[in-house]
Structures are given as structure tokens and as C-alpha cells.
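Contents: one structure, followed by commentary.
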Amino acid sequence: MNKSSLARQNWLLVIAVITLAVIPLVFVRGEYGGSDGQAEAAIQDLYPTYKPWFQPFFEPASSEIESLLFASQAALGAGIIGYVIGLYKGRSQNNPPKE
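Numbering-wise (the working numbering), the sequence shown opens with residue 823 and increments by one.
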């Protein structure tokens, strides 16, 4: 593959990813809520007398801080996974299989 066709293919993939991300935001109307809130509402509907048996030890001050912590955990996890994949890829390239 030459460079121009590879660059064109990369740009088409970028446009496809952006399109797939934007379409639901534009055309799907509704409230974007978390699964925790939905689960809590479902439990209250099914078992109104239910008492939680566990309380979190840290309650974020606001939903923005909670989102920041969640995004930080996701970024840290993605960084670790990327590092491990790169580490094993580098090891396999430096040590070709012995025959």
C-alpha cells in the first residue's frame, strides 16, 4: 500500500469513528443517566423495604468530581493496558522465535 492510499484510509476511519460517536448524540433524544441510579430505582420499585448493607467510605462532593474520578480511573487503566501490550510486543520483536 502506498502512503497516499494509507493516509486516505486512515482519514476515512477517523471520519467513520466521529460519525459513529456523533449520530447517537444528535438523533437519540433522552436522558443520559448512570446505571447506578437506574439500579437503585429498580430496587426501590421491586423491594421498597430494602435497606442497603454497605455504605461507600468516600462520597464525592459533586457529580463533576465523581465524573473526574471515573475518567481518571479509565485513563489510568487504558494506560496500563497500553503499556503492557507495548511491552509484550517489544519483547516479541526483540526475541524472534527459535527454530
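Every residue gets a Cβ at the ideal spot worked out from N, C-alpha and C, and that includes glycine.
Beta-carbon separation (whole angstroms), Pro882 vs Leu868, contact threshold 8 Å: The Cβ separation is near 27 Å, so there is no contact.
Candidates Glu862, Phe880, Val836, of which the one nearest Lys873 by Cα: Glu862
Give the DSSP-derived three-state secondary structure of Ser857 in the structure shown. helix
Taking DSSP as the reference, what is the three-state secondary structure of Ala883? coil
Identify the continuous alpha helix (DSSP H) that holds Arg851 and give its terminal residues. Looking at the DSSP string, Arg851 is not in any alpha helix (DSSP H), and its letter there is neither H nor E.
Could you check the C-alpha separation between Gly908 and Leu835 for me, to the nearest Å? 22 Å
Which of the three DSSP states, helix, strand or coil, is assigned to Asn824? coil
Once the 5 residues before and after Gln860 are set aside, which same chain residues still bring their CB inside 8 Å of it? none
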